[in-house]
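This report refers to the structure that appears directly beneath it.
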Amino acid sequence: KQEVTQIPAALSVPEGENLVLNCSFTDSAIYNLQWFRQDPGKGLTSLLLIQSSQREQTSGRLNASLDKSSGRSTLYIAASQPGDSATYLCAVNNNAGNMLTFGGGTRLMVKP
Amino acid sequence: NAGVTQTPKFQVLKTGQSMTLQCAQDMNHNSMYWYRQDPGMGLRLIYYSASEGTTDKGEVPNGYNVSRLNKREFSLRLESAAPSQTSVYFCASSVKRYVDTQYFGPGTRLTVL
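Sequence lines, in order, name chains B and U. First residue of the first sequence? That's 138 in the numbering used here, and the numbers climb one at a time after it. First residue of the second sequence? That's 311 in the numbering used here, and the numbers climb one at a time after it.
Quick look at the structure:
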């Protein structure tokens with residue numbers, strides 16, 4: 138059974154800092170990996186999707202990398218802003234393709 | 311485009327009552343999903359519908375039923391609610407099941423007393 142772990146569970150940084158969020162998964166047979174953002178009391182917003190054949194994806198200040206063989210992904214946020222404060226979730230889509238397995242999330246606080 | 315919409319936003323039920331959570335998407339997506347989110351357990355898939363006319367169980371289907379009414383709508387029914395079903399329920403959709411981004415609705419916060 139696929140298991141997804143995110144470390145750290147919570148992170149507090151000053152505005153302007155570059156930061157890295159980590160995601161690890163136990164079964165490397167995946168179709169893709171997605172990073173989501175969730176604001177308190179809200180739904181999930183998709184940030185980046187990396188297909189299994191890709192190594193990284195970029196969107197603005199966000200860069201996500203994927204190392205399928207080692208079961209790891211990182212989300213890099215450059216020049217963090219208070220508006221980046223949210224919970225970040227990673228999820229993997231297994232080769233069976235029938236479900237996304239989510240990590241527990243990293244709660245990020247960016248202080249002005 | 312409204313994206314994925316869910317009704318109601320909040321609901322309180324008594325044990326044993328039934329209710330249906332509604333979900334609709336206007337993105338012409340083929341696949342739709344129901345998840346529940348619980349503290350310490352993360353998001354878990356309840357049921358999904360790969361395409362109109364098909365539904366399949368996810369990780370935690372017990373106590374729930376679903377209906378894919380048409381391409382736009384996918385409902386989740388609790389026949390006899392239990393306190394263990396207190397959760398936040400999210401509906402999501404994607405173009406295809408395997409390779410595409412999933413888009414989420416705003417969620418329904420359900421409390422079962």
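Glycine included, C-beta positions come from ideal geometry on N, C-alpha and C.
Identity of the residues DSSP links to residue i by a beta bridge
{"i": "residue 330 of chain U", "result": "U:387"}
{"i": "residue 174 of chain B", "result": "B:182 and B:225"}
{"i": "residue 367 of chain U", "result": "U:357"}
{"i": "residue 379 of chain U", "result": "None, per the DSSP bridge assignment."}
{"i": "residue 316 of chain U", "result": "U:333"}
Collapsed DSSP secondary structure at residue i in the structure displayed
{"i": "residue 335 of chain U", "result": "strand"}
{"i": "residue 149 of chain B", "result": "strand"}
{"i": "residue 415 of chain U", "result": "coil"}
{"i": "residue 220 of chain B", "result": "helix"}
{"i": "residue 352 of chain U", "result": "strand"}
{"i": "residue 236 of chain B", "result": "coil"}
{"i": "residue 207 of chain B", "result": "coil"}
Heavy atom of the ligand FAD within 7 Å of residue i beta-carbon
{"i": "residue 236 of chain B", "result": "The ligand content of the structure shown is nil, which means the ligand FAD is not present either."}
Short CB-CB distance (under 8 Å) between residue i and chain B
{"i": "residue 368 of chain U", "result": "yes"}
{"i": "residue 331 of chain U", "result": "no"}
{"i": "residue 353 of chain U", "result": "yes"}
{"i": "residue 412 of chain U", "result": "yes"}
{"i": "residue 371 of chain U", "result": "no"}
{"i": "residue 417 of chain U", "result": "yes"}
Chain U within 8 Å of residue i, Cβ atoms only
{"i": "residue 205 of chain B", "result": "no"}
{"i": "residue 194 of chain B", "result": "no"}
{"i": "residue 148 of chain B", "result": "no"}
{"i": "residue 239 of chain B", "result": "yes"}
Bounding residues of the beta strand (DSSP E) (the contiguous stretch that carries residue i)
{"i": "residue 392 of chain U", "result": "Segment: none, residue 392 of chain U is in no beta strand (DSSP E) and carries neither H nor E."}
{"i": "residue 193 of chain B", "result": "193 to 196"}
{"i": "residue 402 of chain U", "result": "397 to 404"}
{"i": "residue 248 of chain B", "result": "243 to 248"}
{"i": "residue 201 of chain B", "result": "199 to 204"}
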